[in-house]
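Asks: I'd like to ask some things about the structure below.
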Amino acid sequence: MEGSSFYGIPIAKWIPYSITRTWHTQLGIFWIATAWLATGLFMAPAVSGYEPKFQRFGVNFLFVCLLIIVVGSMAGQWFAVMQRLGLNTNFWFGHQGYEYTDLGRFWQLFLTVGLFLWLFLMGRALWPAFRKSEENRHLLALFLLASTAIPVFYIPALLWGQHTHLAIAEYWRWWLVHLWVEGFFEVFATVVIAFLFTRMGLLRIQTATSSVLFSTIVFLFGGIIGRFHHLYFSGTPTGVLAYGATFSALEVVPSESNRPFCIETC
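Position 33 (the sequence shown) corresponds to 33 in our numbering; numbering is contiguous.
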């Protein structure tokens with residue numbers, strides 16, 4: 001087994017392990033985020049029964065921006081690891097050096113703008129449903145709230161700078177990795193699945209709304225605490241780590257709480 005070559009071909013000379021690991025973890029996050037954002041763009045017109053004018057153009061434009069961000073950030077990281085960039089250029093366009101938030105600050109800002117564009121597309125597709133639906137209004141409001149949380153809670157990724165102390169940067173980094181990826185995407189997923197189950201007749205609207213509210217409570221009141229189990233290397237006390245692990249373990253409860261009701265309905 002060769003760790004740096006393939007049948008004698010010195011792959012590590014052109015693509016070192018540090019860059020392949022960076023691409024591996026970053027593409028995983030991009031894949032998860034893209035899948036759920038695309039689900040939201042699909043569900044919003046399906047829920048409201050209305051597709052706004054130029055919605056297709058907005059979705060295609062958003063997809064092109066995503067491709068630019070993914071390819072551009074990966075290229076910048078390669079140039080950074082191969083030491084082709086200066087320190088300032090590396091911070092903005094290359095590799096920040098923090099796992100899961102490796103992409104340069106310019107690409108992070110670009111992604112933030114793209115997320116707010118996604119929220120705009122979601123809002124304009126969902127808004128007609130508020131005017132014609134009384135029974136679903138609370139669940140619709142939670143759908144829009146969960147959608148709003150996705151771009152808003154990406155902003156902590158911008159709260160450290162090039163020369164910020166490592167402990168502070170780690171604190172905000174885990175806001176992104178744990179609270180954004182594992183937290184608010186979980187709330188969004190619970191809302192989407194609840195909508196699908198209500199449309200399929202597997203779940204009553206009241207039960208779905210209660211499940212989503214429970215999910216929101218868990219993450220809003222326990223989400224910040226729940227990410228403390230990641231901060232071992234920042235000198236976090238053992239008691240705080242234990243609280244963080246406890247709240248983090250509750251992540252799957254809201255989605256799983258729907259299972260008995262669906263089985264009973266079937």
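All residues carry an ideal CB built from backbone N, CA and C; glycine is no exception.
These figures come from a predicted structure and were not determined experimentally.
Taking 7 Å as the limit between beta carbons, can you name the residues of its chain near G72, skipping five residues before and five after?
Replies: The residues are W107.
Asks: Just how far apart, CA to CA, sit A189 and H95?
Replies: Looking at the two C-alpha atoms, the distance is approximately 30 Å.
Asks: Taking a contact to mean a Cβ-Cβ separation below 8 Å, would you say F297 touches L241 in this structure?
Replies: Residue 297 cannot be examined here, being either before or after the span of the chain that is shown, 1 to 266.
Asks: Would the beta-carbon of W118 fall within 8 Å of that of L27?
Replies: It is not a contact, given that the beta carbons lie outside the stated cut-off.
Asks: Which one of G8, P16, T34 has the shortest CA to CA distance from P151?
Replies: Of the listed residues, the one whose Cα sits closest to P151 is T34.
Asks: So, using beta-carbon positions, are Q77 and D102 closer together than 8 Å?
Replies: Contact flag set, yes.
Asks: Do I155 and T216 count as a contact pair if the criterion is CB distance below 8 Å?
Replies: Not a contact, by the Cβ cut-off of 8 Å.
Asks: Contact defined as beta carbons within less than 8 Å: I believe L142 pairs with T209. What is the distance between those atoms, to the nearest angstrom?
Replies: Rounded, the Cβ-Cβ distance is 7 Å, consistent with contact.
Asks: At which residue ranges does the region 50 to 98 contain complete alpha helix (DSSP H) runs of 4 or more residues, listed in the order of the chain?
Replies: Taking only runs of at least 4 residues, the alpha helix (DSSP H) segments lying wholly in the region 50 to 98 are 55 to 81, 87 to 93.
Asks: Determine which residues share a DSSP beta bridge with L103 and list them.
Replies: H95.
Asks: Grab me the residues of A129's own chain with a C-beta within less than 6 Å of its C-beta, minus the 5 sequence neighbours each way, in chain order.
Replies: Excluding sequence neighbours, A129 sits near V47, S48, L140.
Asks: Hey, could you find the ends of the alpha helix (DSSP H) F30 is sitting in?
Replies: Per DSSP, F30 belongs to the alpha helix (DSSP H) from 17 to 48.
Asks: Please determine, among H163, G226, E51, the residue with the shortest C-alpha to C-alpha distance to A125.
Replies: Ranking the options by Cα distance to A125, first place goes to E51.
Asks: Given I205, which residues of its chain have a CB within under 7 Å of its CB, disregarding the five upstream and five downstream residues?
Replies: Within the same chain, I205 has close Cβ partners E135, N136, L139, T198.
Asks: Which parts of the region 191 to 224 are runs of the alpha helix (DSSP H), unbroken and 4 residues or longer, counting only runs that do not cross its ends?
Replies: Counting whole runs of 4 or more residues, the region 191 to 224 contains no alpha helix (DSSP H) stretch at all.
Asks: Taking only three categories from DSSP, how would you classify F153?
Replies: In this structure, F153 counts as coil in the three-state DSSP scheme.
Asks: Write down the C-beta distance between W174 and L231 rounded to the nearest angstrom, noting that I regard them as a contact closer than 8 Å.
Replies: About 6 Å separates the two Cβ atoms, so the contact holds.
Asks: Quick one: Cα of S211 to Cα of I193, how far?
Replies: One C-alpha to the other measures close to 11 Å.
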